[in-house]
Amino acid sequence: MWIDTHCHLDADEFDADRDAVVARARAVGVTMQVLPAAHVSHFAKTAAVARQYGLAYALGIHPLWVAQSDEADIGRLREAARAALADPRFVAIGEIGLDFYVEGLDRERQQWFYHEQLKLAREFGLPAILHVRRSADALLRELGRIEVPGGIAHAFNGSEDQAGRFVARGFALGFGGAMTYDGSLRIRRHAATLPDTSWVLETDAPDIPPQWFRDGRAVLRNEPCELPRMAEVMARLRGVELDALARQNEVNARTALPRLGALLDPFAAVFPHPAASQPPSPGGRGLKAPLPPGEGLG
Ligand SMILES: [Zn+2]
Numbered sequence: 007m008w009i010d011t012h013c014h015l016d017a018d019e020f021d022a023d024r025d026a027v028v029a030r031a032r033a034v035g036v037t038m039q040v041l042p043a044a045h046v047s048h049f050a051k052t053a054a055v056a057r058q059y060g061l062a063y064a065l066g067i068h069p070l071w072v073a074q075s076d077e078a079d080i081g082r083l084r085e086a087a088r089a090a091l092a093d094p095r096f097v098a099i100g101e102i103g104l105d106f107y108v109e110g111l112d113r114e115r116q117q118w119f120y121h122e123q124l125k126l127a128r129e130f131g132l133p134a135i136l137h138v139r140r141s142a143d144a145l146l147r148e149l150g151r152i153e154v155p156g157g158i159a160h161a162f163n164g165s166e167d168q169a170g171r172f173v174a175r176g177f178a179l180g181f182g183g184a185m186t187y188d189g190s191l192r193i194r195r196h197a198a199t200l201p202d203t204s205w206v207l208e209t210d211a212p213d214i215p216p217q218w219f220r221d222g223r224a225v226l227r228n229e230p231c232e233l234p235r236m237a238e239v240m241a242r243l244r245g246v247e248l249d250a251l252a253r254q255n256e257v258n259a260r261t262a263l264p265r266l267g268a269l270l271d272p273f274a275a276v277f278p279h280p281a282a283s284q285p286p287s288p289g290g291r292g293l294k295a296p297l298p299p300g301e302g303l304g
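If you want it as structure tokens, here you go:
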């Protein structure tokens, strides 16, 4: 099983053929995707697409969308997130963060939306899915002030020091298309050397197409079905088997997004393992132990 921890399957680019995109992904084992929203006006569609295809989603205001957002949208996000807590497919606040690469964006406005959304993640005890572009230090500074229960630093391309600080704050680092470019030396070095528990796989489809989509003249639309091939690159870099990488990706995704773990184990939520849920009884008796004669449940 492959989990794509960051895919914009709800994007308009997939409106014409979303069924086929999901079918292609499932055919190669990508059976779970996390869909981060980008703007308040997208929330309903993001959640609907996730439900329709049995996937997961996050709610947030993307830094590239803050110009089209107003302060009251933070209140709308809070209400949407509060309502979505009842939905097991809702797993995080995201995509939020800072983009200091794209020119002409209002940095102060980005900072304000990032700050307010981190506070919401803290308020609801939810992980955050972070957009990091030339902004790792600024993101980390804020994480030092507002503690959230970790999450994912998506499309990470920072220094070793920054990687270590995100990991120390409970974040996994997201790797995908950029890892497949021969010129991405630093990303490839991280992908090769990070501890087993510090990374997750993602496509960011329709964005960040892999190397093999950029070799021709036209850059093709990225798709979640490309995840296993991206993973092959990472498996080679790390010198591990592809199966082992898939299992580690799942473990890491569950750790970074605990509600995703619950979603993947529906029966564990309905029928919790006795050892995990029952306070130990005086006799240390588990649920499976037969009751002594004469002792009922009362
Ligand atoms: Zn994204």
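Okay, so the sequence shown: first residue is 7 according to our numbering, each after it adds one.
Where is the CB? At the ideal position from N, CA and C, for every residue including glycine.
Beta-carbon spacing of residue i, residue j below 8 Å
| i | j | result |
| --- | --- | --- |
| residue 10 | residue 145 | no |
| residue 235 | residue 216 | yes |
| residue 168 | residue 143 | yes |
| residue 85 | residue 212 | no |
| residue 259 | residue 210 | no |
| residue 61 | residue 38 | yes |
| residue 140 | residue 107 | yes |
| residue 49 | residue 265 | no |
Supposed close pair residue i, residue j - CB separation, criterion 8 Å
| i | j | result |
| --- | --- | --- |
| residue 176 | residue 156 | 3 Å |
| residue 99 | residue 78 | That belief does not hold up - the Cβ atoms of residue 99 and residue 78 are roughly 17 Å apart, past 8 Å. |
| residue 15 | residue 55 | 6 Å |
As assigned by DSSP and simplified to three states, the class of residue i
| i | result |
| --- | --- |
| residue 17 | coil |
| residue 206 | strand |
| residue 263 | coil |
| residue 246 | coil |
| residue 154 | coil |
| residue 91 | coil |
| residue 169 | helix |
| residue 10 | strand |
| residue 4 | No answer is possible for residue 4: the residues shown for the chain start at 7 and end at 304. |
| residue 61 | coil |
| residue 99 | strand |
| residue 159 | strand |
Residue i versus the options, residue with shortest Cα-Cα distance
| i | options | result |
| --- | --- | --- |
| residue 71 | 105, 81, 87 and 64 | 105 |
| residue 40 | 233, 243, 249 and 154 | 233 |
| residue 252 | 135, 227, 111 and 205 | 205 |
| residue 80 | 90, 53, 52 and 118 | 118 |
Of all the alpha helix (DSSP H) runs that stay within the bounds of the region 101-146, which reach a length of 4 or more residues? The qualifying runs are 113-130.
At 3 residues or longer, and completely inside the region 179-242: list those beta strand (DSSP E) runs for me, N to C. Segments of the beta strand (DSSP E) lying fully in the region 179-242: 205-207.
Residue ranges of each alpha helix (DSSP H) run of no fewer than 4 residues wholly in the region 24-53, ordered along the chain? For the region 24-53, the continuous alpha helix (DSSP H) assignments of 4+ residues that do not extend past its boundaries occur at 24-33, in sequence order.
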